[in-house]
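Right, one structure below, let's go through it.
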Amino acid sequence: MSRCSRALTALSFAALSFVASSLLPARAEAQGLAVGVSRKAVVEEAEEAEAPGRGTLRGLFGIPVAERLLASGTVEGRLRGVRRLGAIGTPEAIDALTNAFEQSALLARDGRTRLEGIRILAAHADREAVRPLLIPVLSEGGPEARAASHGGLVRGAAALALARSRDKKATSALVGAVLQGGPGGEAASAALVVHPPSSIAPLLEGRRRIEPALAALLGDLGDVRAIPRLRLALEDVDLAYRAAAALALARLGDTSAQAAARTWVKTDDVKQKRAGAEVLARLGVEGASEAIAALLAAGPTRLDGVRLALAAPSPALVKPLVAALDALDGDDREQAIAAIGRAGGPEAAAALLAQLGKPEHATAAAFALARMPGKDARAALERALGSTSAKKGAPRRLITRAALVRWLVLGDEPNGLADALAAMANEKDPADRAVGAFGQVATGRTSVRAALDTACPEKRPCDVAIVAAVARASLARAAIGKDDAPAELARVLGANAKATGKGDAPSAIEVAAGVALLADPSGAGLPTAVLARWAEGESPLAPLAARALPSRDDEATRGRIKRLLAGTDPVIRAHTALGLALDPEPDATSLLANAYRFEEDPTVRRAVVRALSMRREPLRAATLELARDLDPDDQVRALARAALSGRTLLPALAVSAGPVAWVSLVANAPGALPSIQGRAARLVRSDGVAVPIVADPDGVVLVPGLPDGPAALTLAPEAIPGDAGSP
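If you count by mature numbering (1 follows the signal peptide of the UniProt record, and there is no 0), then the sequence shown holds residues -30 to -1, 1 to 697, one letter each, in order.
Written as structure tokens, this is what we have:
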């Protein structure tokens, strides 16, 4: 070969190499994978296509290969085909993708492939050819739609894409889905609230009547331009239509429905009374309390009365709520007692004080008094602390805990609390000592270190009840800036972990001391083998151990991390994702991106986004943008926006002046009493972080320093040996 021809050949291969390398990063970004693609992987993908023209660039990297991959017999092959067309992104590639989904039932049935396709087509929702693929997703209803693989993600992405396009036809389709109801209607309504139309005309066009679902949507949108049409709907012949319009007007701050609502509450019709009371309550006008009281007095509407009493508290509702207590059961009764506390005033304080003497009402009443602002509630607790019945046993623990909750939540310490704590700390009953230790540490009268020195005397076993109480109280100290408080438990946790035998589940004292892992997410001082064993177990320590394990990421532990990230427990998956925020390996971002892609549990997706906020690899941006634009969960989208703005979002150790969880475990039979004494559990906070806890010996537990929002408690599968709080 001549010198000239050799140079030309080399130049040709150089050009081929340059074109291939310029295409690969775009493809990788679309997949959410690391950019470094091996030559072997590219060759294998091309060989799988079995196509003519494989020697050309178009055959290797173009639309034909993607179309052949879409017909693959494997899910992974089809996913690669969808992603390839998305990475190409030309009008021809998008047309090929829409044609494939229209013609292939296999693609439409496969949840993951369908989700990937919908996400890619979302960027082209304003195209005539794309909308017919997005709109039918919203019309899928019934239990089957809810249970379909990745159905919620598909519906959410399709609805958000259509709403974001603000196309008139898309808006019309979304309104149709809202009126149809079901999962698609819920997704459509949420999407329209996120991306409201610039004009409400498309929502109302051609409609003589405003259906209840549409009225609710107009109320959610908060657009006052809807008020004239909603006022007209008050004249509808159908009560359901009138009531929905009235509620929407009330939500928009319009009082047009007030006169009608006053008429409705005076009728004998249950639906009218309920609708009228809700309108008056939402408007906060005179007569609302009387209307709610009427609901509380009648069996068919009593629960509606409790709900509205919580939403629109008033001292005038105290007597009707007290009168309704005996007719309510379980959670409904506790909600009514909470409504009494929320009503406030001397009458409410007196009513709650009276309920302390009824065992079935006592805990809820104590909790309501603890959180009720004002001097009346504090005075009631002080009377209770000084009463003869509160001098010992369960009544004293109940009132002392209520006083402690008041101090933790409101910073308002009732007189007599200090004396009660000092007396209980020296009692023989382990339950009394646990309350005393918790209170003295939580209020700062005793340091965590000093309390642990007392609980774990040299050369003697630790007192599990005291360690458990001190561990939870340390969260109260952390919430006010004493961040080293939970870290003090590390010495107890580490000492016991070293003594734990191979294969043993964590003991009760290790679970209690596990709050140290909240202060130190990497679990410094604990052997990797112990963390891995705990993470793969079923104890309340498993989530925090799973969060700590990625900080030890290496060739030996990577397989375990991947298994935890793909496990069946969403709490473990979420904590593993949080742990990847601090993983020293740069490809941890790729693990997070892949974990997000098909994760159906929103709590796990929130954890992934939080973790990505800490990563600095460029790959994170594509996943965060996907979460920001197309995730059906409001919190995920908000977190993604914050992460893209540069904020780091790892959960706080504890929250100042936040809610306090008060949990009372009740044995369902006398023989089951030992199973609740010092029972281990995990409390998952509203931000997704699991707090390992061990209840006091009487089965009660206080957990301070929580963020606002709902929490979930899960008991350990069975009582842990040694977790009854005996010294």
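Every residue gets a Cβ at the ideal spot worked out from N, C-alpha and C, and that includes glycine. These numbers come from a predicted model, not from an experiment.
Exercise for the section: Return helix, strand or coil for Arg567, following the three-state DSSP convention. Expected result: Arg567: helix per DSSP, three-state reduction.
Problem - Exposure label - Thr60; buried when at least 16 CB within 10 Å - result: Thr60 is exposed by the Cβ-count criterion.
Exercise for the section: Might you give, ordered along the chain, the residues of its own chain that have their beta carbon closer than 6 Å to the beta carbon of Ser(-9), omitting 5 neighbours on each side? Expected result: Confidence is the limiting factor: at Ser(-9) the pLDDT is only 34, short of 50, which leaves the residue's position unreliable, though a coordinate-based value still follows. Within the same chain, Ser(-9) has no close Cβ partners at all.
Practice task
Taking the CB atoms as reference points, tell me whether Ala230 and Leu204 lie closer together than 7 Å.
Solution key: Result yes, Cβ atoms of Ala230 and Leu204 sit closer than 7 Å.
Handout entry: Backbone CA spacing between Val636 and Gly414 [nearest angstrom]
Key = Rounded to whole angstroms, Val636 and Gly414 show a C-alpha spacing of 30 Å.
Practice task
Mind checking who Trp632 pairs with in its DSSP beta bridge?
Solution key: Beta bridge pairing from DSSP links Trp632 with Leu672.
Problem - Endpoints, the beta strand (DSSP E) within which Ala407 is located - result: Counting along the chain, Ala407 falls outside any beta strand (DSSP E), though it belongs to the alpha helix (DSSP H) covering 400 to 412.
Handout entry: Helix, strand or coil at Ser125 [DSSP, three-state]
Key = In the sequence under discussion, the amino acid at residue 125 is Arg, which differs from the Ser named in the question. Arg125 sits in a helix when the DSSP states are folded into three classes.
Exercise for the section: Kindly indicate if chain D contains any beta-carbon less than 7 Å away from that of Ile88. Expected result: Chain labels in this structure do not include chain D; a single protein chain is all it has.
Problem - Where residue 704 falls, given that 16 or more other Cβ within 10 Å makes a residue buried - result: The question about residue 704 has no answer here: the residues shown for the chain are numbered -30 through 697.
Exercise for the section: Could you check what DSSP says for Arg652 in three-state terms: helix, strand or coil? Expected result: Per DSSP, reduced to three states, the secondary structure at Arg652 is strand.
Practice task
Give the range of the alpha helix (DSSP H) segment to which Pro662 is assigned.
Solution key: Per DSSP, Pro662 belongs to no alpha helix (DSSP H); it is in the beta strand (DSSP E), 660 to 664.
Problem - Among Trp632, Leu685, Leu108, Arg655, nearest to Ala624 - alpha-carbon criterion - result: Among Trp632, Leu685, Leu108, Arg655, the Cα nearest to that of Ala624 is on Arg655.
Exercise for the section: Would you kindly check if the distance between the Cβ of Gly315 and the Cβ of Pro285 is under 7 Å? Expected result: Between Pro285 and Gly315, the C-beta spacing is below 7 Å.
Problem - Span separating the alpha-carbon of Asp402 from that of Thr684 - result: Distance between Asp402 and Thr684, taken at the CA atoms: about 25 Å.
Handout entry: Asn564, buried or exposed, once every other Cβ within 10 Å from all chains shown has been counted against 16
Key = Using a 10 angstroms sphere on the CB of Asn564, the tally of other CB atoms reaches 16 or more, which defines it as buried.
Problem - Residue(s) in a DSSP beta bridge with Thr684 - result: According to DSSP, Thr684 bridges with Arg652.
Problem - Contact between the region 668 to 676 and the region 491 to 510 (3+ Cβ pairs under 8 Å) - result: In short, these stretches do not touch, since the Cβ pair count stays below three.
Problem - Counted within 10 angstroms of its Cβ, other Cβ atoms place Asn69 as buried (16 or more) or exposed - result: With fewer than 16 Cβ atoms within 10 Å of its Cβ, Asn69 is classed as exposed.
Handout entry: Helix, strand or coil at Glu555 [DSSP, three-state]
Key = In the three-state reduction of the DSSP assignment, Glu555 falls in the coil class, being assigned neither a helical nor a strand state.
Practice task
Use the C-beta contact count for Val659: other C-beta atoms within 10 angstroms, 16 or more gives buried, fewer gives exposed.
Solution key: Around the Cβ of Val659, a 10 Å sphere holds 16 or more other Cβ atoms; the residue is buried.
Handout entry: Collapsed DSSP secondary structure at Arg522 in the structure displayed
Key = Three-state DSSP puts Arg522 in a helix.
Practice task
Look up Ala103 in the DSSP assignment and say whether it is helix, strand or coil.
Solution key: Note on identity: in this sequence residue 103 is Leu, with Ala being the wrong assignment. It is helical.
Exercise for the section: Rounded to whole angstroms, what's the CA-CA distance from Gly257 to Leu217? Just pull it up for me. Expected result: Distance between the alpha carbons of Gly257 and Leu217 is about 16 Å.
Practice task
Decide if Ser135 is buried, meaning its Cβ has at least 16 other Cβ atoms within 10 Å, or exposed.
Solution key: That one is buried.
Practice task
Between the Cα of Val633 and those of Gly641, Ala610, Pro667, Leu619, spot the shortest distance and give me the residue it belongs to.
Solution key: The residue from Gly641, Ala610, Pro667, Leu619 with its alpha-carbon nearest to that of Val633 is Pro667.
Practice task
Within the same chain, show all residues whose beta-carbon is closer than 7 Å to that of Ala486, passing over the 5 residues directly before and after it, in chain order.
Solution key: So the list reads Pro456, Ala457, Leu459, Ala460, Leu463, once near-sequence residues are dropped.
Practice task
Report yes if the CB atom of Ala581 is closer than 7 Å to the CB atom of Leu535, and no otherwise.
Solution key: If you check the CB distance, Ala581 and Leu535 do not come in under 7 Å.
Handout entry: First and last residue of the uninterrupted alpha helix (DSSP H) at Leu278
Key = Per DSSP, the continuous alpha helix (DSSP H) segment holding Leu278 begins and ends at 272 to 281.
Problem - Cβ shell of Glu(-2) (< 7 Å), same chain only, five flanking positions each side left out - result: Note that Glu(-2) has pLDDT 36, beneath the 50 cutoff, so the model's placement of it is unreliable and the number below is only indicative. Same-chain partners within the cutoff: Ala592.
Handout entry: Contact under 7 Å by Cβ, Arg348 with Asp382
Key = For Arg348 and Asp382, yes; Cβs fall inside 7 Å.
Practice task
Work out the CA separation of Leu222 and Ala268 for me, nearest whole Å.
Solution key: Near 29 Å, if we compare the C-alpha coordinates of Leu222 and Ala268.
Handout entry: Spatial distance of Pro369 from Leu351 (CA atoms)
Key = As written in the sequence, residue 369 is Ile, which differs from the Pro given in the question. Computed Cα separation, rounded: 7 Å.
Handout entry: Rounded C-alpha distance that separates Gly246 from Leu323
Key = Roughly 33 Å separates the two Cα atoms.
Exercise for the section: Check Met394 in the structure and name its three-state DSSP category. Expected result: In the structure shown, Met394 sits in a helix (DSSP, three-state: H, G or I).
Problem - Own chain partners of Ala128 with C-beta closer than 7 Å, once the 5 adjacent residues on each side are dropped - result: Result list for Ala128: Ile88, Leu104, Val107, Leu108, in chain order.
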